[in-house]
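> Residue numbers (the numbering used here): 752 to 992. Think of the CB as a built atom: it goes at the ideal place given N, C-alpha and C, for glycine as much as any other residue. Supplied in structure tokens, the structure appears directly below.
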């Protein structure tokens with residue numbers, strides 16, 4: 752329980768610091784955090800519930816996270832989703848991401864797409880990547896490869912290595928081999944094993960960045976293939992949204 756409360760406090764502080772809150776709202780948030788520090792989740796609920804009901808977006812988000820992390824039954828999870836949605840409607844980025852994640856877990860892909868897109872437009876890199884996956888696979892919508900590439904690109908430009916790999920793969924599917932190799936290289940530089948494997952194959956075909964890497968190609972290709980096989984054997988080769 753203590754570890755959950757510590758993690759929860761970190762999440763809340765992140766969004767408290769990042770939002771332009773009034774001094775009174777800051778104090779309200781701190782009151783709830785003080786209750787959590789004392790291990791009194793009931794008191795935290797009692798502080799945040801009436802505030803959330805009056806439309807305080809931070810209280811709505813705090814209460815939702817508390818209900819989700821301290822869920823005793825399905826009713827708590829349903830209430831968590833209710834308050835995440837209330838905060839998300841007020842453009843709270845953390846709530847939009849949480850609501851999208853919950854919708855995806857429930858296979859409600861239309862809702863997941865809606866909220867990932869809202870967060871993606873606000874610049875959330877994880878949402879941009881997730882939205883790209885939804886659009887590429889046609890989850891709850893018609894597949895849209897070009898829009899998938901758009902959002903992979905947005906996340907890749909922010910340094911998201913899985914998005915860099917996905918962008919490389921999507922570009923390779925369209926025959927844009929040199930551009931694909933560039934993104935495989937970007938992901939490979941961050942340690943993405945499958946990207947290193949694909950980059951090695953691209954280099955062997957004379958694609959992508961050749962300077963200084965051709966001599967090391969046979970050794971790199973062998974190493975990548977070995978690590979790639981191990982990851983697939985362990986069920987780590989594919990990550991879903």
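Rounded to whole angstroms, what's the CA-CA distance from residue 784 to residue 916? Just pull it up for me.
Those two C-alpha atoms are separated by around 39 Å.
> Check the C-beta distance from residue 1001 over to residue 870 and give it rounded, since I have them as a contact under 8 Å.
For residue 1001 there is no data in the structure shown, the boundaries of the chain being 752 and 992.
> Would you list, in sequence order, the uninterrupted alpha helix (DSSP H) runs of no fewer than 4 residues that lie entirely inside the region 884-938?
896-908 and 912-924, all fully within the region 884-938.
> Please state if the CB of residue 867 and the CB of residue 849 are separated by a distance shorter than 7 Å.
Against a cut-off of 7 Å, the Cβ pair of residue 867 and residue 849 comes out as no contact.
> Tell me whether residue 872 sits in a helix, a strand or coil according to DSSP, three-state version.
Three-state DSSP puts residue 872 in a helix.
> How big is the Cα-Cα spacing for residue 795 and residue 814?
Distance between the alpha carbons of residue 795 and residue 814 is about 8 Å.
> If you draw a straight line from the C-alpha of residue 840 to the C-alpha of residue 853, how long is it?
So the two alpha carbons sit approximately 15 Å from each other.
> Does the Cβ of residue 824 have 16 or more other Cβ atoms within 10 Å, making it buried, or fewer, making it exposed?
Answer is exposed; the Cβ neighbour count stays below 16.
> Going by C-alpha distance, which of 905, 855 and 921 is nearest residue 887?
Measuring from the Cα of residue 887, the nearest candidate turns out to be 921.
> May I ask you to report which of helix, strand or coil DSSP gives residue 796?
The answer is helix: DSSP assigns residue 796 an H, G or I state.
> Taking Cβ to Cβ, would you say residue 893 is nearer than 7 Å to residue 903?
No, Cβ-Cβ distance for residue 893 and residue 903 is not below 7 Å.
> State the CB to CB distance for the pair residue 876 and residue 906, rounded to an integer number of angstroms; the pair is presumed to be in contact (CB under 8 Å).
5 Å between Cβ atoms; contact.
> Which of helix, strand or coil does DSSP assign to residue 803?
Looking at residue 803 - three-state DSSP - the assignment turns out to be helix.
> According to DSSP, is residue 877 helix, strand or coil?
DSSP places residue 877 in helix when its eight states are reduced to three.
> Tell me which same chain residues have a C-beta within less than 7 Å of the C-beta of residue 800, skipping the five on either side of it?
Here the set comprises 814.
> With a CB to CB cut of under 8 Å and the five nearest residues on each side skipped, what residues in its chain are close to residue 924?
These residues qualify, in order along the chain: 896.
> Taking only the alpha-carbon atoms, compute the straight-line gap between residue 890 and residue 846 and give it to the nearest angstrom.
Taking the straight line from one Cα to the other gives about 21 Å.
> Do you know offhand how far residue 821's Cα is from residue 807's?
Approximately 21 Å between the Cα atoms of the pair.
> For residue 778, which residues in the same chain have their Cβ closer than 8 Å to its Cβ, ignoring the five residues on either side in sequence?
Correct list: empty, nothing qualifies.
> When you compare only the Cα positions, how much space is there between residue 883 and residue 912?
The straight-line gap from Cα to Cα measures roughly 14 Å.
> Quick check on residue 820: does DSSP put it in helix, strand or coil?
Looking at residue 820 - three-state DSSP - the assignment turns out to be helix.
> Once the 5 residues before and after residue 865 are set aside, which same chain residues still bring their CB inside 6 Å of it?
Once the five neighbours on either side are set aside, residue 865 has no close Cβ partner at all.
> Along the chain, where does the alpha helix (DSSP H) containing residue 789 start, and where does it finish?
Per DSSP, residue 789 belongs to no alpha helix (DSSP H) and is neither H nor E.
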